[in-house]
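Going line by line, the protein sequences match chains W and G. The C-terminal residue of the first sequence carries number 428 in our numbering, and the numbering is unbroken. The C-terminal residue of the second sequence carries number 428 in our numbering, and the numbering is unbroken. We treat Cβ as the ideally placed atom computed from N, Cα and C, and that holds for glycine.
Number of protein chains: 2
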Amino acid sequence: MKRVERAAVNVWMVGSIGIDAIMTRTAERKNLMGGSLPFSTAASSFFARTGAVGVVGSDFPVSFDQRWASFGIDLQGVQRKEGPTFRWACKYDDNMIERTTLMTELGVFADFMPRLPDSFRRAPFVLLGNIQPELQLHVLNQSVGAKFVALDTMNLWIEIARPALRKVVRRVDLLTLNDGEARMLTGKWNLCDCADVILKMGPKFVVIKKGEHGALLFSKKGIFIVPAFPVRKLVDPTGAGDSYAGAFMGYLARAGRVTEGFMREALVYASAVASFGVEGFSLDRFERLTAVEISLRVKALKRMMDV
Amino acid sequence: MKRVERAAVNVWMVGSIGIDAIMTRTAERKNLMGGSLPFSTAASSFFARTGAVGVVGSDFPVSFDQRWASFGIDLQGVQRKEGPTFRWACKYDDNMIERTTLMTELGVFADFMPRLPDSFRRAPFVLLGNIQPELQLHVLNQSVGAKFVALDTMNLWIEIARPALRKVVRRVDLLTLNDGEARMLTGKWNLCDCADVILKMGPKFVVIKKGEHGALLFSKKGIFIVPAFPVRKLVDPTGAGDSYAGAFMGYLARAGRVTEGFMREALVYASAVASFGVEGFSLDRFERLTAVEISLRVKALKRMMDV
């Protein structure tokens, strides 16, 4: 599935690209390739020919480009700008769940204006990763072939860009967000109520992510509950939600169409892939991840859900 | 299944019996039948002939006895003592998850010395509900027929009675506790690690409850992940864990033997039954709950888990 070079992109994703510094209870790592886009596209690359849309600065290491390209991702949509790459530093609590952002420097990300390469314009699957809602809309408007659009967002945009966010939400087929964000966006506490409100905003599907507790898919067809794969060796949870969304969209893009059945399969695959991602820093674990490992973990997860 | 009077008890449960006062965001109720035992036995009564072992004071209302007995539960093991019944008051946060205990008065529960009625002694299934570990051991020693013993506990006993608790843990087949308690008992954070440690303490099975996120069953056979049924109308979460444990044991008692398959079914049934319990205060919802409703919710939950 991986490294299908030169084939047309069937899913493209936009998001942030950064250089991260991360502290956990047991380790401290600097100069990691981070941001939402490397995680989402790498996870997607296990399933489909994936295109990346983002921006990096002049300090973005060539080695990062090489490692990223090694997933067979089409990087034509990644702009190179004069100036520093987006930088982010965080420190995890001992429980590896809560984290404190120590530093955010937007760099060239501050003036990011996404431009869709011509070869991406006809791709049927689109993941609008976590960037300003206005920019998500701007790049979506450049797409003529989009058949199924998923949107990821974060608390920041719910707080400071709600009207623009609502505009994008109306345009997409699926909204994915975490439980806290779903509550913030809707003003409801019960996740079923949150989903009801969101489904009225436009999307046909909502995926509410609950971190180590898994995720819930809501649609007119009902609810699907997918657990997180229980990870024994949690190294760094950064990017798990992005890997989740990326693998999910990659799986659908490979399937080529969206049915309740494919959707459920896609979520199980996403759970498996995301669980590998957190076993290493940055894309470390993904770089040595094989299709066989994914398939075995999917089987294991299905056994854990089987009654 | 319910109200099979006079048949021999095939599961008995010990636990606390109280009179509760509960405040939620939208309601305040006093003089509720509470404690772990009413919830666990009522939930179990939908599946098996259930016996209760506990103590009440002279102020325990006759109406409570009648409502409790209406589930067909054998109340021979419930002692009547001079003095006040155990009383407990709590207030839930707006999210209905965190709660603050406002008052605890042990009353006759302080000197509780459980005594197993002769007719319970040969019952094969036993749930040692949340009371002092010494008393759990004391009453377990009176049982000659116990084939499968489950133990529920709480943070208090982990803190103040750890050696005694460890003694009981060694004697039981299954330990059920919530995620926080599992971490407290084992000193591990990762729930897989917690389960490893507990399985080495004696039990062949561990069920780690995660409230609205469901539960995990660990055994040598692997992991089973069961979600909580998404409740739309949460009225009062008090007793949910006790209902869960009770329904689980009732289901196994009806099955008559413990296999991985029955165990998984039992957990799905427990999830369904517990989800009804929180739709009302005390046993209100259980009192009008039918076997058909349980069966429909089990089907719905299985659909939500089906991939």
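**Study point:** C-beta atoms of W/N131 and W/A210 nearer than 9 Å
**Key:** no
Check your understanding: Going by the beta-carbon positions, is the gap between G/F160 and G/G398 smaller than 9 Å?
Key -> yes
Practice item. Pick helix, strand or coil for W/F407, following the three-state DSSP scheme. Key: helix
Check your understanding: Should G/P358 be flagged as near chain W, meaning a C-beta pair shorter than 9 Å?
Key -> no
Exercise for review: Enumerate in chain order the residues of its own chain whose CB-to-CB distance from G/P254 is below 8 Å, with the five nearest sequence positions on each side excluded.
Suggested key: T274, W278, A282, A285, L286, K288 and V289
Check your understanding: Since W/V270 contacts W/V293 with CB under 8 Å, what's their CB separation in whole angstroms?
Key -> 4 Å
Check your understanding: Which class does G/G136 belong to by DSSP, given the choice of helix, strand or coil?
Key -> coil
Review point. Which partner residues does W/L158 have in the DSSP bridge list?
Key: Note: W/L158 sits in no beta bridge, so no partner.
Review point. For the beta strand (DSSP E) that W/I319 lies in, which residues bound it at each end?
Key: From DSSP, W/I319 is part of no beta strand (DSSP E) but of the alpha helix (DSSP H) over L312 to M322.
**Study point:** Paired residues, beta bridge with W/K330 - DSSP
**Key:** W/N299 and W/A336
Point to revise | Identity of the residues DSSP links to G/F369 by a beta bridge | key: Looking at the DSSP assignment, G/F369 forms no beta bridge with any residue, so it has no partner.
Exercise for review: Please state whether DSSP places W/R353 in a helix, a strand or coil.
Suggested key: coil
Review point. Can G/I346 and W/M217 be called in contact, C-beta distance under 9 Å?
Key: no
Check your understanding: Taking the beta strand (DSSP E) that W/V247 falls in, what are its first and last residues?
Key -> F246 to L249
Exercise for review: Determine the contact status of W/A173 and W/L196, defining contact as a CB-CB distance below 9 Å.
Suggested key: yes
Point to revise | C-beta atoms of G/Y213 and G/I140 nearer than 9 Å | key: no
Practice item. Tell me, to the nearest whole angstrom, how far the beta carbon of W/N251 is from that of W/S137; I am working on the premise that it is less than 8 Å. Key: 6 Å
Check your understanding: For W/A349, is the classification buried or exposed, using 16 other Cβ atoms within 10 angstroms of its Cβ as the cut-off for buried?
Key -> buried
Check your understanding: According to a CB-to-CB cut-off of less than 8 Å, which residues of the segment 322–347 of chain G neighbour chain W?
Key -> K331, H334, G335, L337, G343, I344, F345, I346 and V347
Exercise for review: Report back the beta-carbon spacing between G/A190 and G/G371 to the nearest angstrom; my notes put them in contact at under 8 Å.
Suggested key: So it is not a contact: roughly 17 Å between Cβ atoms.
Practice item. Pull up the CB-CB distance for W/E400 and W/V352, whole angstroms please, since I reckon it's below 8 Å. Key: 7 Å
Practice item. Specify the secondary structure class of G/D214 as computed by DSSP and reduced to three states. Key: coil
Review point. Do G/Q200 and G/R242 come within 9 Å of each other at the CB atom, strictly closer than that value?
Key: no
**Study point:** Positions along the segment 294–323 of chain W whose CB lies within less than 8 Å of some CB in chain G
**Key:** W310, N311, L312, C313 and D314
Check your understanding: Measuring from the CB of G/R188, is there a heavy atom of the ligand ATP at a distance below 8 Å?
Key -> With respect to small molecules bound, the structure shown includes none, and the ligand ATP cannot be examined in it.
Practice item. Go to W/E226, then tell me how far its beta strand (DSSP E) extends in each direction, as first and last residue. Key: R220 to E226
Practice item. Quick one: list the residues of chain W neighbouring G/V389, beta-carbon separation under 8 Å, in chain order. Key: V428
Exercise for review: Compare the C-alpha of W/T162 against each of W/M384, W/G175 and W/K420 and name the closest.
Suggested key: W/G175
Practice item. Kindly list, in the order they appear in chain G, the residues whose Cβ is closer than 8 Å to that of W/L355. Key: N311
**Study point:** Backbone CA spacing between W/G204 and W/E226 [nearest angstrom]
**Key:** 12 Å
Practice item. Go ahead and label G/G377 buried or exposed: buried means 16 or more other beta carbons lie within 10 angstroms of its beta carbon, across all protein chains shown. Key: exposed
Exercise for review: Return the first residue and the last residue of the beta strand (DSSP E) that W/A173 is part of.
Suggested key: T171 to V177
Exercise for review: List the endpoints of the continuous beta strand (DSSP E) containing G/V199.
Suggested key: D195 to R201
Practice item. Compute the Euclidean distance between the alpha carbons of W/K442 and W/N299, then round it to the nearest angstrom. Key: The requested residue 442 of chain W is not part of the displayed model; chain W covers only 122 to 428.
Review point. Between G/A374 and G/T171, is the Cβ-Cβ spacing less than 9 Å?
Key: yes
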